[in-house]
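Asker: Sequence order for the protein chains is A and B. Mapping the first sequence onto full-length UniProt numbering, position 46 (from 1) lands on 46, and the numbers just tick up by one. Mapping the second sequence onto full-length UniProt numbering, position 92 (from 1) lands on 92, and the numbers just tick up by one. Each residue gets a CB set at the ideal place from its N, CA and C atoms; glycine is no exception. Quantities reported herein were computed from a predicted structural model and do not represent experimental measurements. I have a structure here, written as structure tokens, and I will follow up with some questions on it.
Number of protein chains: 2
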Amino acid sequence: MRIGELARRAGISTRALRYYEQQGLITARRAANGYREYSEDDLRLVTEIRSLLTVGFTLEDARPFVACLRAGHASGSSCPESVAVYRRKLAEIDDEIRTLLARRAEVAAQLTTACPGCLPREQDEK
Amino acid sequence: MRIGELARRAGISTRALRYYEQQGLITARRAANGYREYSEDDLRLVTEIRSLLTVGFTLEDARPFVACLRAGHASGSSCPESVAVYRRKLAEIDDEIRTLLARRAEVAAQLTTACPGCLPREQDEK
DNA sequence: GTAATCCTTGACGCCGGTGTCAATGTCAAG
DNA sequence: CTTGACATTGACACCGGCGTCAAGGATTAC
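Structure representation (structure tokens):
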């Protein structure tokens, strides 16, 4: 299939696909006229990349997963490098959560001081 | 005092101070030679801005607080506009926390699937 | 033939808050 | 006078993942 179809099927833009290629995450066979030609496997790669991006991974983070799929594994997570990334991201996310919780507490305290009646509820994740 | 001293006392760069001025958050009297001259009140403003930035506010978010201080209030939080920003930021932070918690759960689940032995602990904020 | 779609590469724009360099002026100390 | 520490404005760089426009070639439909 060509880039337009892949984009449609993957639910992203052709721009994004070309960008992934430029970043070395995907490659494309070229037809005689210079058009990129993709396989179902490529759709698989793109889908993997997309799902990783939606949980906050960067393209850099996605590399091991793509490499893992290319190596023939059924899942992009089946390789130790991918697992290592999972661990690292988990730690990063935890850090961010801690930071945000601290900020929230700080802002809530300030708000309470500035406006005693405005009790901030929500985020009752004790 | 001149910009260098203010920067030192506020713990930021002169670049940042000029940027705040460019963004209309602070102003400076000019000496005959063109040098910026600041007062203690300006230090106060900058300190306020800094503390807001550190909890994740943007310079745009900081405007009401600066305006409040300029209006003569003892605290930058003493104005309804500031309180409104506090509320909005609190909601934004809560959103971000929710997003991160969801992502964390997702990543943790993936990790567990990929590596059954790798139980992700931490982030026990039940 | 020509219009309508598709494709190509290249390159600037965005967002926020600076870092950093450039080229130049000011001023006090030696 | 010279050095050095300070000041000025201006402007590019950064980070990430694209959006978007430009200018053109390819292919299909009619």
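#1: Which same chain residues end up closer than 6 Å to V66/B when comparing Cβ atoms and leaving out the 5 residues on each side of it in sequence?
#2: Using Cβ-Cβ distances below 7 Å, what residues of the segment 35-61 of chain A are close to chain B?
#3: Taking Cβ-Cβ distances below 9 Å as the criterion, which residues of the segment 84-108 of chain B are in contact with chain A?
#4: With respect to the alpha helix (DSSP H) encompassing I49/A, which residues constitute its N-terminal and C-terminal limits?
#5: I believe R103/B touches D94/A by the beta-carbon criterion, under 8 Å. Please report the beta-carbon distance rounded to the nearest angstrom.
#6: Taking contact to mean at least 3 C-beta pairs separated by less than 8 Å, is the segment 31-38 of chain B in contact with the segment 1-20 of chain B?
#7: Below 6 Å CB to CB, which residues in the same chain sit around G34/A once its five sequence neighbours on both sides are set aside?
#8: Taking C-alpha atoms, which residue in L43/B, D61/B, C68/B lies nearest to R8/B?
#9: Using a C-beta to C-beta distance shorter than 8 Å, which residues of chain B count as neighbours of A114/A?
#10: Do the CB positions of L111/A and R50/B come within less than 8 Å of each other?
#11: Spatial neighbours of A108/B within its chain, please: CB distance less than 7 Å, with the 5 preceding and 5 following residues excluded, ordered by chain position.
#12: Can you tell me whether R30/B is buried or exposed, with buried defined as 16 or more other CB within 10 angstroms of its CB?
#13: Expressed to the nearest angstrom, what Euclidean distance is found between the alpha-carbon atoms of A114/B and S78/A?
#14: Would you call the CB atoms of D61/B and V83/B closer than 8 Å?
#15: Determine the DSSP secondary structure at R104/B, reduced to helix, strand or coil.
#16: Per DSSP, which one or two residues make a beta bridge with R30/A?
#17: Roughly how many whole angstroms lie between the Cα atoms of E96/B and I12/B?
#18: Indicate whether at least one CB of chain B lies closer than 8 Å to the CB of L119/A.
#19: Would A10/A and T47/A be called neighbours here (beta carbons separated by less than 8 Å)?
#20: Quick check: is the beta carbon of Q110/B nearer than 8 Å to any beta carbon in chain A?
#21: Please state whether the Cβ-Cβ distance between L69/B and L100/A is less than 8 Å.
Answerer: Once the coordinates are examined:
#1: The residue labelled residue 66/B in the question sits at position 66 within the second sequence. Excluding sequence neighbours, V66/B sits near L25, L45.
#2: V55, G56
#3: Y86, R87, K89, L90, A91, I93, D94, E96, I97, R98, T99, L100, L101, A102, R103, R104, E106, V107, A108
#4: Counted from its first residue, the first sequence places residue 49/A at position 49. Taken as a continuous stretch (DSSP letters only), the alpha helix (DSSP H) holding I49/A covers 40-54.
#5: For the purposes of this step, residue 103/B is taken as residue 103 along the second sequence, with counting starting at 1. For the purposes of this step, residue 94/A is taken as residue 94 along the first sequence, with counting starting at 1. Actually they do not touch by this definition, with Cβ atoms about 11 Å apart.
#6: yes
#7: Taking the first residue of the first sequence as position 1, residue 34/A is located at position 34. None.
#8: By 1-based counting over the second sequence, the position of residue 8/B is 8. Among L43/B, D61/B, C68/B, the Cα nearest to that of R8/B is on L43/B.
#9: Working through the first sequence from its first residue, we reach residue 114/A at position 114. Here the neighbours are S75, S77, S78, S82, V83, Y86.
#10: By 1-based counting over the first sequence, the position of residue 111/A is 111. By 1-based counting over the second sequence, the position of residue 50/B is 50. No, these two residues do not count as a Cβ contact at 8 Å.
#11: Within the second sequence, residue 108/B is the residue found at index 108, counting from 1. Around A108/B: P120.
#12: Your numbering for residue 30/B matches position 30 in the second sequence. R30/B should be labelled exposed.
#13: Residue mapping note: residue 114/B aligns to position 114 of the second sequence, counting from 1. Residue mapping note: residue 78/A aligns to position 78 of the first sequence, counting from 1. Computed Cα separation, rounded: 6 Å.
#14: The count along the second sequence starts at 1 and reaches residue 61/B at position 61. The count along the second sequence starts at 1 and reaches residue 83/B at position 83. Not in contact: D61/B and V83/B (Cβ atoms no closer than 8 Å).
#15: Indexing the second sequence from 1 puts residue 104/B at position 104. R104/B: helix per DSSP, three-state reduction.
#16: Taking the first sequence and counting its residues from 1, one reaches residue 30/A at position 30. Its beta-bridge partners are R36/A.
#17: Residue 96/B sits at position 96 when you count from the first residue of the second sequence. Residue 12/B sits at position 12 when you count from the first residue of the second sequence. Rounded to whole angstroms, E96/B to I12/B spans 28 Å at the Cα level.
#18: The residue labelled residue 119/A in the question sits at position 119 within the first sequence. So no, L119/A is outside the interface.
#19: By one-based count along the first sequence, residue 10/A stands at place 10. By one-based count along the first sequence, residue 47/A stands at place 47. Cβ distance < 8 Å, so A10/A and T47/A count as in contact.
#20: Numbered from 1 along the second sequence, position 110 holds the residue referred to as residue 110/B. Yes, Q110/B lies at the interface with chain A (some Cβ there is under 8 Å from its Cβ).
#21: Counted from its first residue, the second sequence places residue 69/B at position 69. Counted from its first residue, the first sequence places residue 100/A at position 100. No, the Cβ-Cβ distance between L69/B and L100/A is not below 8 Å.
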